[in-house]
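Structure record follows, encoded as structure tokens.
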Amino acid sequence: MGGALTVRLHNDRMIDSSPAPFPASFPAPVPPLEHVPVVVVGAGPAGLTLANVLRDAAVDCVVLEAESREFIEQRPRAGFLEEWAVRALERHKLAGRLLERAQTHSECEFRIGGERHRFAYAEVTGKHHFVYPQPLLVTDLVREYADVKGGDIRFGARGVELHDVDTEAPSVSYTDPASGERRRIACDVVAGCDGARGVTRASLPPERAHIARLDHGVGWLALLAEAPPSSDCVVFGVHPRGFAAHMARGPQVTRYYLECPPGDDPENWPDERVWSELRERLSVAGAPPLTEGRLMEKRVLDMHNYVVQPMAYGRLFLAGDAAHLVAPIAAKGMNLALHDALTLAEALVAYYRTGETGGLRGYSAACLRRVWEYQEFSEWFAELLHGPSSGDPFRAGNATARLRRLFGSPVAAAAFAESYIGSGGAM
Ligand SMILES: Cc1cc2nc3c(=O)[nH]c(=O)nc-3n(C[C@H](O)[C@H](O)[C@H](O)COP(=O)(O)OP(=O)(O)OC[C@H]3O[C@@H](n4cnc5c(N)ncnc54)[C@H](O)[C@@H]3O)c2cc1C
Numbered sequence: 001m002g003g004a005l006t007v008r009l010h011n012d013r014m015i016d017s018s019p020a021p022f023p024a025s026f027p028a029p030v031p032p033l034e035h036v037p038v039v040v041v042g043a044g045p046a047g048l049t050l051a052n053v054l055r056d057a058a059v060d061c062v063v064l065e066a067e068s069r070e071f072i073e074q075r076p077r078a079g080f081l082e083e084w085a086v087r088a089l090e091r092h093k094l095a096g097r098l099l100e101r102a103q104t105h106s107e108c109e110f111r112i113g114g115e116r117h118r119f120a121y122a123e124v125t126g127k128h129h130f131v132y133p134q135p136l137l138v139t140d141l142v143r144e145y146a147d148v149k150g151g152d153i154r155f156g157a158r159g160v161e162l163h164d165v166d167t168e169a170p171s172v173s174y175t176d177p178a179s180g181e182r183r184r185i186a187c188d189v190v191a192g193c194d195g196a197r198g199v200t201r202a203s204l205p206p207e208r209a210h211i212a213r214l215d216h217g218v219g220w221l222a223l224l225a226e227a228p229p230s231s232d233c234v235v236f237g238v239h240p241r242g243f244a245a246h247m248a249r250g251p252q253v254t255r256y257y258l259e260c261p262p263g264d265d266p267e268n269w270p271d272e273r274v275w276s277e278l279r280e281r282l283s284v285a286g287a288p289p290l291t292e293g294r295l296m297e298k299r300v301l302d303m304h305n306y307v308v309q310p311m312a313y314g315r316l317f318l319a320g321d322a323a324h325l326v327a328p329i330a331a332k333g334m335n336l337a338l339h340d341a342l343t344l345a346e347a348l349v350a351y352y353r354t355g356e357t358g359g360l361r362g363y364s365a366a367c368l369r370r371v372w373e374y375q376e377f378s379e380w381f382a383e384l385l386h387g388p389s390s391g392d393p394f395r396a397g398n399a400t401a402r403l404r405r406l407f408g409s410p411v412a413a414a415a416f417a418e419s420y421i422g423s424g425g426a427m
């Protein structure tokens, strides 16, 4: 990011909208029709948090979202927020309904070899998880940004393309869903918050996008049951038939996971097989039976992680799943997305208020520190959960040693607790 550009400078800049003299066979370039300081691509937790903080600081932005408002407000995914993330949202006045409605969790439970081991991580760290389904958070953030603050968000924006992000005059074009016409927005900065399947990451030239990737070699059948939780905390079932998990999503909804072969077809998992396998892998003496219910979601996740380094290129800044994916092993993805969004927002606000570019230049390094901390923990934890069912006696032995150390050593327990709840850091 060169020089101390300001909004005023940018707004004053002449935008050349005359068509370029291409031969008739070339599609005519779409002229820039408007200019905003920041275009945010994607209205997930990352994009919406960023947009809200920018709007509060009077930095104009446009959010381009491929799906409809109804769709993103109902898309089920994450449900656990780490306490530092909730407190950071609270400081930005974005946690009102969350704090009213979310349950807090302070323990998790491991079930292995027919025994239950409770792990009271909040006793060690003083920090809790907040159980708040992602669709509720997205609904709150959209309402706050669009309805309360009057922010500009364009749903159904298809064919998003980034242009000239390595210059001082980037722009973003998209197809307007109502008119079918291409539109182009000139901007100073593009925030790529369009998740794991978005387009912004593809704008990084191959020689600049270093992608570190880890494949776990297993699938998880992700299930959402219309049934009250069967435990007051997250339950990890470590089992030779494969890992299983139970996670509350609300008073009447529970997420379950079942380890399965990668690429497995959800059709191979009729409801009866799902419940029978969950009972097998999660039942232990003394635990209440699983409350069963209609399965509203059944999809196979091929468990993998990746990190894009650096997370910025020219005037494009990636945030959230667009920059890194953590398989949902320790409920880290949404929390990392919020960390990126808040870090980027702080850097952009400083830039537009004072011309200070240090935050933007340091953005990628600041985010990657936490990203790698979470990746390392996720990989360590994955091995503990998958080792016993891997068929490899060495991996199974290692996993058992990890569990024994976790329950036998207060120092190991404290280290686990700190990583599980997410290190705080100033946000
Ligand atoms: C089954 C499951 C369970 C999970 N559980 C947890 C959990 O408990 N805790 C946790 O922290 N994380 C969890 N995660 C991860 C979490 O959901 C993600 O990390 C989080 O959604 C990332 O937020 P984001 O804003 O970066 O991306 P997203 O939420 O993916 O948002 C990206 C947005 O961009 C839009 N978009 C995509 N492409 C385009 C385009 N070309 N143009 C315009 N818009 C586009 C998308 O429609 C979407 O609205 C889970 C994920 C899954 C799949």
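Numbering-wise (this note's numbering), the sequence shown opens with residue 1 and increments by one.
From the three backbone atoms N, C-alpha and C, an ideal C-beta is built for every residue, glycine too.
No experiment lies behind these values; they were computed from the predicted model shown.
DSSP three-state assignment for residue i, whether helix, strand or coil
i: Ala412; result: helix
i: Ile421; result: helix
i: Ser378; result: helix
i: Val59; result: coil
i: Ile329; result: coil
i: Pro270; result: coil
i: Cys367; result: helix
i: His239; result: coil
i: Asp152; result: strand
i: Met334; result: helix
i: Glu123; result: helix
i: Thr291; result: coil
i: Val189; result: strand
i: Val142; result: helix
i: Pro27; result: Caution is warranted here: a pLDDT of 49 is assigned to Pro27, below 50, making its placement in the model unreliable, and the coordinate value is therefore given only provisionally. Here Pro27 sits in coil by DSSP.
i: Arg183; result: strand
i: Leu384; result: helix
i: Leu316; result: strand
i: Gly96; result: helix
i: Gly159; result: strand
i: Val349; result: helix
i: Phe22; result: Any reading at Phe22 is ruled out, since the residue's pLDDT is 35, under 50, leaving its predicted position unreliable.
Delimiting residues of the beta strand (DSSP E) encompassing residue i
i: Thr254; result: 253 to 260
i: Pro229; result: Here Pro229 belongs to no beta strand (DSSP E), and DSSP marks it neither H nor E.
i: Val39; result: 34 to 41
i: Ser171; result: 171 to 175
Residue i vs residue j beta-carbon contact at 8 Å
i: Pro431; j: Arg249; result: Outside the modelled stretch of the chain, which goes from 1 to 427, sits residue 431, for which no answer is possible.
i: Val138; j: Pro76; result: no
i: Gly195; j: Ala51; result: no
i: Phe110; j: Val238; result: yes
i: Ala401; j: Pro388; result: no
i: Val234; j: His386; result: no
i: Asp92; j: Val40; result: For the sequence presented, residue 92 should be read as His rather than Asp. No, the pair does not count as a contact, with Cβ atoms beyond the cut-off.
i: Leu384; j: Leu403; result: yes
i: Arg182; j: Ser171; result: no
i: Phe80; j: His129; result: yes
i: Leu325; j: Ala85; result: no
i: Arg255; j: Leu224; result: yes
i: Ala78; j: Met334; result: yes
i: Arg299; j: Ala382; result: no
i: Glu82; j: Gly422; result: yes
i: His216; j: Met303; result: yes
Alpha helix (DSSP H) segment containing residue i, residue limits
i: Ala46; result: 45 to 56
i: Val86; result: 83 to 91
i: Glu73; result: 69 to 74
i: Thr167; result: Where Thr167 is concerned, there is no enclosing alpha helix (DSSP H), given that its DSSP letter is neither H nor E.
Residue i CB to nearest heavy atom of ligand 1 below 7 Å
i: Ile211; result: no
i: Gln134; result: yes
i: Leu406; result: no
i: Phe317; result: no
i: Ile185; result: no
i: Gly422; result: no
i: Pro328; result: yes
i: Ile72; result: yes
i: Ala244; result: no
Which residues DSSP lists as bridging residue i, in chain order
i: Gln103; result: Val131
i: Arg213; result: Tyr306
i: Arg361; result: The partner list for Arg361 (beta bridge, DSSP) is empty, contrary to what the question assumes.
i: Val300; result: Leu221
i: Met247; result: Arg255
i: Arg116; result: Arg111
i: Leu64; result: Val41, Arg154
i: Phe394; result: Looking at the DSSP assignment, Phe394 forms no beta bridge with any residue, so it has no partner.
Residue i Cβ short of 7 Å to ligand 3 heavy atom set
i: Cys193; result: This structure lacks ligand 3; its bound ligands are ligand 1.
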